[in-house]
Structure formats: C-alpha cells, structure tokens
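Residue numbers (my numbering): 18 to 128.
Taking it in order: structure first as structure tokens, then the write-up.
Take a look at the structure:
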C-alpha cells in the first residue's frame, strides 16, 4: 500500500506540473501554438486517468485491509475487556517467576 500512496503522490505532482505548464502556455501572449496546448491538455488527461486508476487501487487495498483488520480489532477489544475483569493479583502472579527466569538468562541474581 505504501507503494500505491507514493505512486499516487508522484502522479498528482506530474498532473500539477502539466496543468501549470498548460496555464503558462495559455498566459503567454503570441507565444503559444494550438498544437502545444492540445499536447499539454492530452498529457493532463492521460495523467488524470492514471491518477484515477491508482486512487481506485489504493481505495480497494485500504478497504480490503480494513475488512481483514476489523475482526482482529474486535477480538483484541474483547480480550482487553476480559483482562480488565481479572483481579490484578492474577495478572501479576507470574511476574516473580518471569523475573527469576530473566535474571537466570542474564546471569544475574534475583533477590
């Protein structure tokens, strides 16, 4: 998805540059030709089409990932509610052993 977002950003900059070029060409007095304007307009149109396509792809990816993440988030929320209901002593009861094991792994003494 990061690739799609970067590609979308790059395409939007290209479109903006083309539109600026088209505007500049139109503003010049006597220095523009119909062919130049038609070419720039065609470039803008093609870039806008690519921008639309990449936007749709990015939207589809975000929607798909969101669809897959929703059940995981719901499960995490349910588990957190269960943990909140436990007495703190149950949660902390494993700490002394865990501390001893970590101390043993680190080669230190536990008190």
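Beta carbons are placed, not taken as given, at the ideal position from N, Cα and C, and that holds for glycine.
The structure displayed is predicted, hence computed values, not measured ones.
Alpha-carbon to alpha-carbon, residue j and residue i
i: residue 136; j: residue 75; result: A question about residue 136 goes unanswered here, because the residues of the chain that appear run from 18 up to 128.
i: residue 87; j: residue 96; result: 14 Å
i: residue 73; j: residue 98; result: 37 Å
i: residue 36; j: residue 25; result: 16 Å
i: residue 125; j: residue 106; result: 26 Å
i: residue 38; j: residue 57; result: 7 Å
Coil, strand or helix - residue i by DSSP
i: residue 110; result: coil
i: residue 68; result: helix
i: residue 38; result: helix
i: residue 92; result: helix
i: residue 103; result: coil
i: residue 125; result: coil
Proximal residues to residue i (C-beta, below 7 Å), its chain only, five neighbours per side dropped
i: residue 21; result: 71, 74, 75 and 78
Close-in-space but distant-in-sequence residues of the same chain around residue i (CB under 6 Å, 5 per side omitted)
i: residue 92; result: none
Inset, instruction - For the stretch 64-71 and the stretch 101-112, state whether three or more C-beta atom pairs, one from each stretch, are separated by less than 8 Å. - result: Using a C-beta cut-off of 8 Å, the stretch 64-71 makes no contact with the stretch 101-112, since fewer than three inter-stretch Cβ pairs fall below that distance.
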